[in-house]
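Everything on this sheet refers to the single structure shown next.
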Amino acid sequence: MMQSRDEMSLSGRIAYLACMTGLACVAGYLEMLLPFHLMGIPGVKLGIANVVTLIVLYSSGRGSAFFVMISRVLLVGLMFGSLYSIVYGLAGGTLSLLVMICLKHFDLFTITGVSAAGGTFHNIGQLIAALAMLSGFNPVFYFPLLTFSGMLSGILTGMLAAMILQRTGSFLGVFKWNDDNNEERV
Amino acid sequence: MRKYINRNDIILIIVLSVFSALFTIYLFTVTQHGYKVLVYVDGQLTGEYPLDTDTEVTIMGYNGGNNVMSISNGRVRMSEASCPDRLCIHQGSISRAGQSIVCLPNRVILRIDGKETLDYDAVSG
């Protein structure tokens, strides 16, 4: 039983975050199945898993969003990917989520704008990881393609997340708890 | 559509676009035209070709695979590859110092060398 809207039981939180992590893993796996190579660069993709991160960020807060993002990257990487996909995923996901949390904090932008910046910085984070890990070839020339594709996919996933939150907001509002004084409603 | 995006979002998207466009312009003005292409197979340097002479070279890759590299008008591209995904062909042609084409299945890297190469690793830390 729920005590109040803001105080959810610990087991309720665990179950909710586990469901969201599962959903994010399925989204991440589906994306790996789609061969989508733009101009010969593997890694330009829609970022459906980011929709789940956005929904958790807006429904439950930044701590939960970080938990779901890191669990998703680790689980998908261990099950279907490689060590490299974990490193790239963590670099991109962490930078993107930090930027999205900052922009959400200002309360000026809708989910679409927050997600557009998040998508751009996701790819910048991956580019930084590639610069640090690859020696001998220079990925910096992919910068324009990566930022613009990240922005475009961020806009699309942001709109998708906004539509989902609009339709399920009253339900997901139950899963809102006070882990970061999250006041605004979706 | 209108309720999913507001004016601030559009300003943010424009600002991000302008910054990445500026960095792109900077990137392509600061790098120079390369003068030779280095061919690496499995990490070993196997050949050097000047960019100003048009040629077509077959590269014997790792594990029996092979790629055909062609140089024309100072630009390098992969024109044929034995690998199934052909990502190296889709990467198009390159001409600037520091740019590269990678074929992972055959472990072939084409890298353009300038007179003085820029070290981005030092810049990005």
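Chains A and B, in that order, are what the protein sequence lines are. Counting in the numbering used here, the first sequence runs from -16 upward without gaps. Counting in the numbering used here, the second sequence runs from 129 upward without gaps. Backbone N, C-alpha and C define an ideal beta-carbon position, used for all residues, glycine too. On a predicted model such as this, the values are computed, not experimentally measured, just so you know.
### Message
Please tell me whether Val123 (chain A) has its Cβ less than 8 Å away from any Cβ of chain B.
### Response
yes
### Task
Helix, strand or coil for Lys164 (chain B), going by three-state DSSP, please let me know.
strand
### Query
alpha helix (DSSP H) containing Asn194 (chain B): first to last residue?
Element bounds for Asn194 (chain B): not the alpha helix (DSSP H) but the beta strand (DSSP E), Asn194 to Ser200.
### Message
For a minimum of 4 consecutive residues, which ranges assigned as the alpha helix (DSSP H) are wholly contained in the stretch 33 to 121 of chain A?
### Response
45 to 63, 66 to 89 and 94 to 116
### Message
Against Thr152 (chain B), what residues of chain A qualify as contacts under a CB-to-CB distance less than 8 Å, listed in chain order?
### Response
Phe126 and Pro127
### Query
Straight-line CA distance for Ala10 (chain A) to Ile31 (chain A)?
6 Å
### Message
Closer than 8 Å is the cut-off here; do at least three beta carbon pairs connect the stretch 60 to 77 of chain A with the stretch 41 to 48 of chain A?
### Response
no
### Query
Over what stretch of residues does the alpha helix (DSSP H) that includes Asp(-4) (chain A) continue unbroken?
Here the sequence assigns Arg to residue -4 (chain A), which means Asp is not the residue at that position. Segment Leu(-7) to Leu16, the alpha helix (DSSP H) holding Arg(-4) (chain A).
### Query
Taking the Cβ atom as the reference point for each residue, do Asp182 (chain B) and Ser207 (chain B) lie within a distance shorter than 8 Å?
no
### Message
Taking the straight line between their C-alpha atoms, what separation do you get for Gly102 (chain A) and Gln109 (chain A)?
### Response
11 Å
### Query
Closer than 8 Å, CB to CB, is Gly96 (chain A) near chain B or not?
yes
### Met15 (chain A) versus Ser68 (chain A) - alpha carbon distance
11 Å
### Query
Do the CB positions of Met142 (chain A) and Tyr132 (chain B) come within less than 8 Å of each other?
yes
### Task
Specify whether the stretch 186 to 193 of chain B and the stretch 224 to 234 of chain B touch according to this definition: at least 3 beta carbon pairs, one from each stretch, less than 8 Å apart.
yes
### Query
To the nearest whole angstrom, what separates the beta carbons of Leu238 (chain B) and Val169 (chain B), a pair I think is in contact under 8 Å?
No, Leu238 (chain B) and Val169 (chain B) are not in contact; Cβ-Cβ is about 10 Å, not under 8 Å.
### Task
With DSSP collapsed to three states, give me the class of Ala144 (chain A).
helix
### Residues, ordered as in the chain, of the stretch 79 to 109 of chain A that lie near chain B by beta-carbon distance below 7 Å
Leu91, Phe92, Thr93, Thr95, Gly96, Ala99, Ala100 and Thr103
### Query
Do you know whose CA, among A:Leu57, A:Phe63 and A:Leu81, lies nearest Val70 (chain A)'s CA?
A:Leu57
### Assigned exposure category for Gln172 (chain B) - 16 Cβ within 10 Å defines buried
exposed
### Task
Answer yes or no: does any C-beta atom of chain B fall closer than 8 Å to that of Met15 (chain A)?
no
### Task
Less than 8 Å between the CB atoms is what I'm expecting for Thr152 (chain B) and Phe126 (chain A), so what's the real figure, rounded?
7 Å
### Query
Taking the alpha-carbon positions, what's the Arg150 (chain A) to Ser(-6) (chain A) distance?
25 Å
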